[in-house]
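Trainee: The listed protein sequences derive, respectively, from chains A and B.
If you count the first sequence from 1, position 46 lands on 46 in the working numbering, and the numbers rise without skipping.
If you count the second sequence from 1, position 62 lands on 62 in the working numbering, and the numbers rise without skipping.
The structure is given below, and queries will be raised subsequently.
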Amino acid sequence: DIRMTQSPASLSASLGETVNIECLASEDIYSDLAWYQQKPGKSPQLLIYNANSLQNGVPSRFSGSGSGTQYSLKINSLQSEDVATYFCQQYNNYPLTFGSGTKLEIK
Amino acid sequence: QIQLVQSGPELKKPGESVKISCKASGYTFTDYAMHWVKQVPGKGLKWMGWINTYTGKPTYADDFKGRFVFSLEASASTANLQISNLKNEDTANVFCARVESSYTYWFAYWGQGTLVTVSS
């Protein structure tokens, strides 16, 4: 199975700041990576697919990058509505696997 | 619009069984596979497997072989997950999820989740 190591586990930042969340795959996943946002009590929502493609309707302050085994999600100009837990998911191989999540709070 | 609506929360005792449903609308049900994802409260996401909604063939992740059964009521555009011989560690929120389109493997559509609580 491909292991997805996500960091940091939690993050506190101020409104308007830029934050980065990292995901490290245990092997090359050839950009087969998605990012999701999950707010408390809600189901995950797709933000990014193919490592850097923004899902329709997602604000442009979200962006994804990376290749090989290293990927990141960047949130520019942090807003209060961005408080959530963020997960990465690889789909290069079965079983599909997720990172352990990053809980983002406002300072 | 595309919607996945799941059945309500369940409270069960160890050893009992539970059946969760996921009713799809807004698209042709048999065109896209249905996946199932487990989330222990406050923890991460774990992919359970998927069912081919055209053929009915299920595929289970290794940790979900044996007590877990994916099934369909295609005429009702509904996918089901049955868990038998429930254990305390089955306590979780379970989501159904659909990929964005054919030959994609990211989840653009999710059910609202069904909380299964196993407690004596």
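Glycine included, each C-beta is placed from N, C-alpha and C at the ideal position.
It should be emphasised that the depicted structure is a prediction, and the values quoted were computed from it without experimental measurement.
#1: To the nearest angstrom, report how far apart residue 108/B and residue 12/B are at their CA atoms.
#2: Going by CA-CA distance only, name the one from 93/B, 83/B, 48/B and 33/B that's closest to residue 101/B.
#3: So, does the region 18–37 of chain A touch the region 45–52 of chain A, judging by three or more C-beta pairs under 8 Å?
#4: Look at the alpha carbon of residue 119/B and the alpha carbon of residue 41/B, and state the distance between them as a whole number of angstroms.
#5: List the whole-angstrom C-beta distance separating residue 116/B from residue 18/B, where the pair is believed to meet the contact cut-off of C-beta under 8 Å.
#6: Quick test of your reading: residue 113/B and residue 43/A, contact by CB under 8 Å. State the CB separation rounded to the nearest angstrom.
#7: Let me make sure I understand the geometry here. Which of 24/B, 79/B, 83/B and 4/B has the alpha-carbon closest to that of residue 66/B?
#8: Using beta-carbon positions only, say whether residue 6/A and residue 22/A come within less than 8 Å of one another.
#9: Are the C-beta of residue 97/A and some C-beta of chain B separated by less than 8 Å?
#10: Whole angstroms are fine: how far does the CA of residue 50/B sit from the CA of residue 87/B?
#11: May I have the straight-line CA-CA distance separating residue 55/A from residue 110/B, to the nearest angstrom?
#12: Drop a sphere of 10 angstroms on the beta-carbon of residue 43/B, count the other beta-carbons inside from all chains shown, and report buried for 16 or more, exposed for fewer.
Mentor: Taking the structure as given:
#1: C-alpha of residue 108/B to C-alpha of residue 12/B: approximately 30 Å in a straight line.
#2: Comparing Cα positions, the closest option is 33/B.
#3: The answer is yes - the region 45–52 of chain A touches the region 18–37 of chain A, with three or more Cβ pairs under 8 Å.
#4: Approximately 15 Å between the Cα atoms of the pair.
#5: Going by Cβ atoms, the distance from residue 116/B to residue 18/B rounds to 6 Å, so yes, they are a contact pair.
#6: About 5 Å separates the Cβ atoms of residue 113/B and residue 43/A, confirming a contact at the 8 Å cut-off.
#7: Comparing alpha-carbon positions, the option among 24/B, 79/B, 83/B and 4/B lying closest to residue 66/B turns out to be 83/B.
#8: It is a contact, given that the beta carbons lie within the stated cut-off.
#9: Closer than 8 Å: yes.
#10: Straight-line spacing of the CA atoms in residue 87/B and residue 50/B works out to 22 Å.
#11: Taking the CA atoms as reference points, residue 55/A sits about 15 Å from residue 110/B.
#12: It counts as exposed.
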